[in-house]
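Below: the structure, in structure tokens.
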Amino acid sequence: MKIKLHEITIRKIAEGYVDNAEEGVVGYGGKLNIRPKYQREFIYNAKERDSVMNTIMKQFPLNTMYWVKNHDGTFELLDGQQRTISFCQYVSNVFAIDNRNFGNLTNVEQEAILNYRVMVYVCDGNDLEKLDWFRTINIAGKKLTDQELRNITYTGEWLTSAKRTFSKSGCRAYLLSKGYVKGVAIRQEILEVALDWASGGNIEAYMSTNQNEPNANELWMYFMAAIEWVKLTFPVHRKEMRGVDWGALYDTYHTKRYNTEDLEIEIKELMMNDDVTKKKGIYPYVLTREQKYLSVRAFSPSQRRSAYEKQNGICSARDCSSRKKRFEFNEMEADHITPWHAGGKTTDDNCQMLCKECNRRKSGG
2 MKIKLHEITI RKIAEGYVDN AEEGVVGYGG KLNIRPKYQR EFIYNAKERD SVMNTIMKQF
62 PLNTMYWVKN HDGTFELLDG QQRTISFCQY VSNVFAIDNR NFGNLTNVEQ EAILNYRVMV
122 YVCDGNDLEK LDWFRTINIA GKKLTDQELR NITYTGEWLT SAKRTFSKSG CRAYLLSKGY
182 VKGVAIRQEI LEVALDWASG GNIEAYMSTN QNEPNANELW MYFMAAIEWV KLTFPVHRKE
242 MRGVDWGALY DTYHTKRYNT EDLEIEIKEL MMNDDVTKKK GIYPYVLTRE QKYLSVRAFS
302 PSQRRSAYEK QNGICSARDC SSRKKRFEFN EMEADHITPW HAGGKTTDDN CQMLCKECNR
362 RKSGG
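The following block contains the structure:
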């Protein structure tokens with residue numbers, strides 16, 4: 002693998018700059034692919050974008066960029082997309098700084114920008130070498146997410162289709178699921194959620210299987226069905242619904258019928274229950290009946306100590322208490338006399354201490 006450092010002017014890089022849905026983002030006379038399929042969308046905000054131009058205008062050095070040379074003599078921008086698009090947009094009069102766009106500058110100011118030299122490392126090697134190089138340099142700036150790194154390996158028409166649906170600002174997937182799924186579309190986070198749901202957690206295998214498919218319609222149909230099922234099953238929307246693992250719940254429970262009014266009554270009661278410390282877990286709980294999702298408030302150390310002293314260290318379980326065996330405090334565990342799922346509260350008068358063996362037996366463990 003060959004790696005060589007070049008000094009390339011902004012004039013040359015911005016030559017033939019194009020940014021549109023059909024042709025992608027290109028520059029350097031059409032020879033530089035500024036946004037390869039595995040790269041994220043432009044995510045710099047106005048302050049970051051302006052900072053790039055202020056650096057250039059003051060003739061301060063920008064961080065080194067990295068290009069990859071293709072077999073046909075073209076290049077892909079490996080690292081530095083955000084900076085490159087920033088200065089290409091400015092010299093194309095896309096935005097202004099201090100109410101002055103590029104066309105408002107004097108000839109001297111324009112030439113200073115166009116003649117600014119960008120330090121670029123160019124890598125020439127096989128695909129595995131390039132990928133290894135990419136992972137090595139992905140250590141600074143806005144690091145790629147796990148999904149963005151996966152996109153490097155599984156490029157193709159299928160991925161292009163998936164990104165169109167799940168990875169654009171204001172895309173269909175975001176508009177459909179913004180109240181139910183956490184993540185930023187342009188950082189590939191919504192795509193990652195959809196893939197995680199559809200693959201049962203094995204995203205790489207799913208992408209490998211589908212890489213050569215002509216489109217990602219199947220993924221979109223699955224995602225849309227899951228979200229619509231959530232909306233129908235839980236018609237009252239709450240902020241706690243955002244970020245629930247709806248895919249796993251959909252896979253297991255979407256064929257079952259529920260009385261949505263009864264579910265809403267129970268959800269409302271649980272939302273008002275102080276013992277439920279993880280409100281988001283209410284939704285999987287009402288389907289699975291697994292109390293672990295709720296993180297039910299545990300008895301406090303003072304409640305446990307008080308119950309222990311009242312019992313004189315003797316386990317409250319009937320068979321065990323008859324033996325009058327005294328246990329050390331750390332040999333016992335707090336338990337709800339009336340189980341929480343039966344309406345018992347985490348209060349002083351509902352707390353008893355059981356030896357660990359009796360508590361496990363009562364819990365079924």
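Going letter by letter, the sequence shown gives residues 2 to 366 in the numbering used here.
Glycine is no exception: its CB is placed at the ideal position from the N, C-alpha and C atoms.
- Query: How about the region 311–319 and the region 262–274: do they share at least three Cβ pairs that are nearer than 8 angstroms?
  - Reply: no
- Query: For aspartate 99, is the classification buried or exposed, using 16 other Cβ atoms within 10 angstroms of its Cβ as the cut-off for buried?
  - Reply: exposed
- Spatial neighbours of aspartate 125 in its chain, beta-carbon cut-off 6 angstroms, leaving aside the 5 residues before and after: Leaving aside the five residues that flank aspartate 125 on each side, the residues in its chain whose CB is nearer than 6 angstroms to its CB run, in chain order, Lys3 and Lys70.
- Item | Residues near alanine 163 by beta carbon distance below 7 angstroms, same chain, minus five either side | Its chain contains Leu192, Ala217 and Leu220 as the residues whose beta carbon lies nearer than 7 angstroms to that of alanine 163, once the 5 sequence neighbours on both sides are disregarded; these appear in chain order.
- Return yes when the Cβ of arginine 50 is within less than 8 angstroms of the Cβ of asparagine 93, no when it is not. The question names asparagine, but residue 93 is serine in the sequence shown. Taking 8 angstroms as the Cβ cut-off, serine 93 and arginine 50 do not qualify as a contacting pair.
- Query: Helix or strand or just coil, what does DSSP make of valine 185?
  - Reply: Here valine 185 carries a coil assignment [DSSP, helix/strand/coil].
- Cutoff 8 angstroms; reference lysine 325; Cβ partners in own chain excluding five residues on either side: Ile315
- Do you know whose CA, among Ala199, Lys281 and Asn260, lies nearest arginine 239's CA? Closest by alpha carbon: Lys281.
- Candidates Gly248, Lys183 and Leu264: which alpha carbon is nearest glutamate 241's? Lys183
- Message: Check this for me: beta carbons of cysteine 359 and alanine 335, under 8 angstroms apart or not?
- Response: Not a contact, by the Cβ cut-off of 8 angstroms.
- Message: If the criterion is Cβ atoms closer than 8 angstroms, does the pair threonine 261 and threonine 278 meet it?
- Response: no
- Query: Hey, out of Ser322, Thr253, Ile57 and Gln212, whose CA is closest to tryptophan 159's CA?
  - Reply: When C-alpha distances from tryptophan 159 are compared across Ser322, Thr253, Ile57 and Gln212, the shortest belongs to Gln212.
- Alpha-carbon spacing of asparagine 116 relative to asparagine 46, whole angstroms: 25 angstroms
- Run through DSSP, which three-state label would glutamate 77 get? Glutamate 77 carries a strand assignment under DSSP once its states are collapsed to helix, strand and coil.
- Message: In the DSSP output, which residue or residues are listed as bridge partners for asparagine 21?
- Response: Gly25
- Nearest-angstrom Cα separation, counted from glycine 244 out to methionine 225: The alpha-carbon of methionine 225 is positioned some 16 angstroms away from that of glycine 244.
- Can you check the region 47–129 for any beta strand (DSSP E) of at least 3 residues that lies completely inside it and give the ranges in chain order? 66–70, 76–80 and 118–125
- Task: Out of Pro62, Gln82 and Leu250, state which residue places its alpha-carbon closest to the alpha-carbon of glutamate 291.
- Result: Leu250
- Message: Determine whether the beta carbon atoms of isoleucine 14 and valine 119 lie at a separation below 8 angstroms.
- Response: Cβ atoms of isoleucine 14 and valine 119: closer than 8 angstroms.
- Message: Judging by CA-CA distance, which residue of Gln82, Pro302, Ser209 and Val53 is the nearest neighbour of glycine 157?
- Response: Selected option, being the one with the closest Cα: Ser209.
- Tell me isoleucine 315's beta-bridge partners as DSSP assigns them. Arg327
- By a C-beta neighbour count over all protein chains shown, 10 Å radius and 16 as the cutoff for buried, is proline 285 buried or exposed? buried
- Could you tell me the distance, in whole angstroms, from the CA atom of tyrosine 175 to the CA atom of threonine 348? 43 angstroms
- Query: Going by C-alpha distance, which of Gly202, Arg305 and Glu77 is nearest aspartate 252?
  - Reply: Gly202
- Starting from the C-beta of threonine 10, find all residues in its chain whose C-beta is less than 8 angstroms away, skip the five residues before and the five after it, and write them out in chain order. Contacts found: Leu115, Asn116, Tyr117, Arg118 and Val119.
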